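Trainee: Quick one: this structure, given as structure tokens, is what I'll be asking you about.
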């Protein structure tokens with residue numbers, strides 16, 4: 004189980020597919036507790052990512068992820084642009100010069116990305132944000148030897164569903180206070196799609 | 004959704020082209036970006052850049068002009084512009100005296116402007132930023148990202164712009180902008196929601212007899228939903244909340260802004276205005292200037308916001324200084 008350039012391309016294609024399919028759903032989630040643009044912004048950003056990477060040749064996953072990061076940063080906007088941009092940029096830095104990404108590299112890379120997201124968003128776990136999906140996934144890697152990639156999908160899904168009962172204390176949703184309880188956080192949902200796609204692309208790798 | 008648009012994905016670029024064509028002698032677009040810039044920059048002056056999501060017109064491009072902003076960056080509808088665009092604006096207006104960024108307090112805006120500042124600084128440009136957080140509807144606490152920035156931002160643009168025009172240093176311009184932020188508070192309400200073109204449906208639902216108090220300018224629902232009441236009651240509720248927070252002394256002087264959110268007739272804004280002024284008088288406050296109109300809108304939302312700025316001699320003279328911005332002429 005290791006990721007090469009084509010697996011990363013597959014990961015991005017699957018992420019884009021899930022985000023395009025769930026564009027309206029993400030926007031609906033954001034309508035409940037935010038400003039209803041998350042689906043629109045993520046769909047625009049990931050579409051641009053695919054356009055950018057699909058026909059380019061890359062010698063390492065890191066090179067491709069750098070393009071992914073810069074595209075997200077310059078096309079998504081809102082809070083999601085800098086957060087996902089930062090996440091993929093740090094992943095690209097963590098995997099620099101490696102042509103094959105092993106499970107241990109995934110673990111270290113995701114940990115570094117999570118730290119970067121926390122720093123950029125000045126947020127931590129339990130605040131009803133994307134971190135509430137990233138944190139359990141990173142923990143899964145650090146506590147287990149991942150032999151079955153579908154565990155990633157399961158963990159991320161459970162974590163996303165868990166954000167429903169949380170009260171938002173960061174980001175736009177925090178203005179809604181108690182009213183924010185009862186809805187899945189849109190950022191945790193888009194993060195779930197990205198980990199679900201990672202899970203699928205690892206299964207074939 | 005019924006709107007005068009072409010493709011929902013093109014509303015921002017279509018709008019920016021239109022704005023530039025309407026004021027060809029004053030404004031220009033930086034190629035390949037959604038940046039609206041003053042055609043002629045004053046040299047020897049601190050640069051001023053603001054921006055944010057589109058859909059708040061005339062904010063922010065309407066405030067570009069001699070005496071106010073040097074450039075405004077238009078993001079997608081209700082979505083912060085991206086760091087590369089903000090960086091391009093900073094570079095375009097820097098004349099070597101540094102650039103002040105005026106940012107409204109939203110997580111996304113703050114993050115994107117932060118990243119742009121970091122990038123600009125790494126290229127050797129002096130950049131400072133101020134964060135406007137005038138909306139008293141949402142509380143500040145250790146647990147939230149703080150209050151939102153709404154219509155009070157326009158006063159910050161005006162005052163910082165006038166200060167920069169005097170040849171003040173970056174620190175001096177930043178200082179007066181921060182003083183303005185300390186002295187300005189706003190509160191809004193809505194009668195109807197708005198529809199983001201790419202979303203195609205309204206951001207929340209309100210019954211015919213309901214109003215929403217404490218709305219944001221992005222179609223966010225407010226803090227309280229109530230039966231609709233008279234203009235007098237609405238004016239009193241909004242103004243009182245602002246007064247409670249601003250802690251003015253008897254005899255203090257204020258500038259007043261009655262802002263329409265995009266679909267409120269001026270008639271209603273003027274009706275509101277007289278009640279706001281009456282309440283201020285009842286509190287022994289004097290009104291320096293009253294601004295009534297659309298300054299920071301939320302697409303076609305019906306509703307208004309009330310902004311009070313406590314003024315002293317410095318702020319008064321900067322408010323009165325000449326401005327050639329297309330949406331704020333003095």
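Protein chains in written order, with this note's numbering: chain P, 4 to 208; chain G, 4 to 333.
Think of the CB as a built atom: it goes at the ideal place given N, C-alpha and C, for glycine as much as any other residue.
Predicted, not measured: the structure shown is a model, and the values here were computed from it.
For the beta strand (DSSP E) holding residue 230(G), just list the boundary residues, first then last.
Mentor: 227-230
Trainee: Verify the CB distance criterion: does residue 117(G) have a CB-CB separation below 9 Å to chain P?
Mentor: yes
Trainee: Taking Cβ to Cβ, would you say residue 162(P) is nearer than 9 Å to residue 195(P)?
Mentor: yes
Trainee: Quick one: which unbroken beta strand (DSSP E) runs of 3-plus residues sit fully inside the segment 24-54 of chain G? Chain order, please.
Mentor: 30-32 and 38-41
Trainee: Per the DSSP calculation, residue 57(G) is bridged to which residue(s)?
Mentor: Partner residues in the beta bridge of residue 57(G), as assigned by DSSP, are 80(G).
Trainee: Enumerated in chain order, which unbroken segments of the alpha helix (DSSP H) with a length of 4 residues or greater are wholly contained in the segment 66-108 of chain P?
Mentor: 83-97
Trainee: Taking all protein chains shown into account, do 16 or more other C-beta atoms lie within 10 angstroms of the C-beta of residue 84(P), making it buried, or fewer, making it exposed?
Mentor: buried
Trainee: Of all the CB atoms in chain G, is at least one closer than 9 Å to the CB of residue 79(P)?
Mentor: yes
Trainee: Could you check if residue 89(P) is buried or exposed, using at least 16 other CB atoms within 10 Å of its CB as the buried criterion?
Mentor: buried
Trainee: Which word fits residue 270(G), buried or exposed, when buried means at least 16 other C-beta atoms lie within 10 angstroms of its C-beta?
Mentor: exposed
Trainee: For residue 56(P) and chain G, any beta-carbon pair shorter than 9 Å?
Mentor: no
Trainee: Tell me whether residue 55(P) sits in a helix, a strand or coil according to DSSP, three-state version.
Mentor: helix
Trainee: Taking 9 Å as the threshold (beta carbon to beta carbon), is residue 131(P) in contact with chain G?
Mentor: Residue 131(P) has a beta carbon lying at 9 Å or more from every beta carbon in chain G.
Trainee: Which one of 53(G), 245(G) and 314(G) has the shortest CA to CA distance from residue 86(G)?
Mentor: Of the listed residues, the one whose Cα sits closest to residue 86(G) is 53(G).
Trainee: Counting C-beta neighbours from all protein chains within 10 Å, is the total for residue 47(G) 16 or more, i.e. buried, or is it exposed?
Mentor: exposed
Trainee: Counting only Cβ-Cβ distances shorter than 8 Å, please list the residues of the segment 181-210 of chain G near chain P, keeping chain order.
Mentor: Of all residues in the segment 181-210 of chain G, 199, 201, 202, 206 and 207 have a Cβ within less than 8 Å of some Cβ in chain P.
Trainee: Determine the closest residue to residue 159(G) out of 207(G), 172(G), 135(G) and 139(G), with distance taken between C-alpha atoms.
Mentor: 135(G)
Trainee: Using DSSP bridges, identify the partner residues of residue 262(G).
Mentor: 296(G) and 308(G)
Trainee: Between which two residues does the alpha helix (DSSP H) containing residue 164(G) stretch?
Mentor: 156-168
Trainee: Can you tell me the Cα-Cα spacing of residue 88(G) and residue 47(P), whole angstroms?
Mentor: 16 Å
Trainee: Where does the unbroken alpha helix (DSSP H) through residue 90(G) begin, and where does it stop?
Mentor: 86-96
Trainee: Just the Cα atoms here: how many angstroms apart are residue 66(P) and residue 18(G)?
Mentor: 36 Å
Trainee: Please tell me whether residue 124(P) has its Cβ less than 9 Å away from any Cβ of chain G.
Mentor: yes
Trainee: Just grab the DSSP bridge partners of residue 198(G) for me.
Mentor: 205(G)
Trainee: Consult DSSP for residue 121(P) and reduce its assignment to one of helix, strand or coil.
Mentor: helix
Trainee: Would you say residue 114(G) lies against chain P (beta-carbon separation less than 9 Å)?
Mentor: With a threshold of 9 Å between beta carbons, residue 114(G) makes contact with chain P.
Trainee: Do we get a CB-CB distance below 9 Å when we pair residue 86(P) with the residues of chain G?
Mentor: yes
Trainee: Distance check for residue 121(G) and residue 99(P), CA to CA, integer angstroms please.
Mentor: 23 Å
Trainee: For the alpha helix (DSSP H) containing residue 124(G), list its first residue and its last residue.
Mentor: 110-125
Trainee: Using a Cβ-Cβ cut-off of 8 Å (strictly less than) and excluding sequence neighbours within five positions of residue 173(G), which residues of its own chain qualify?
Mentor: 49, 100, 101, 102, 103, 129 and 131
Trainee: Less than 6 Å between C-beta atoms, sequence neighbours within five positions excluded: which residues of the same chain meet that for residue 114(P)?
Mentor: Closer than 6 Å at the Cβ level, and outside the excluded window around residue 114(P), lie 141.
Trainee: Closest by CA to residue 305(G), which one among 277(G), 206(G) and 294(G)?
Mentor: 206(G)
Trainee: Since residue 269(G) is in the alpha helix (DSSP H), which residue starts that stretch and which ends it?
Mentor: For residue 269(G), the enclosing alpha helix (DSSP H) covers residues 269-285.
Trainee: According to DSSP, what are the bridge partners of residue 331(G)?
Mentor: 328(G)
Trainee: Is it true that the segment 37-44 of chain G meets the segment 259-275 of chain G, where meeting means three or more beta-carbon pairs spaced less than 8 Å apart?
Mentor: no
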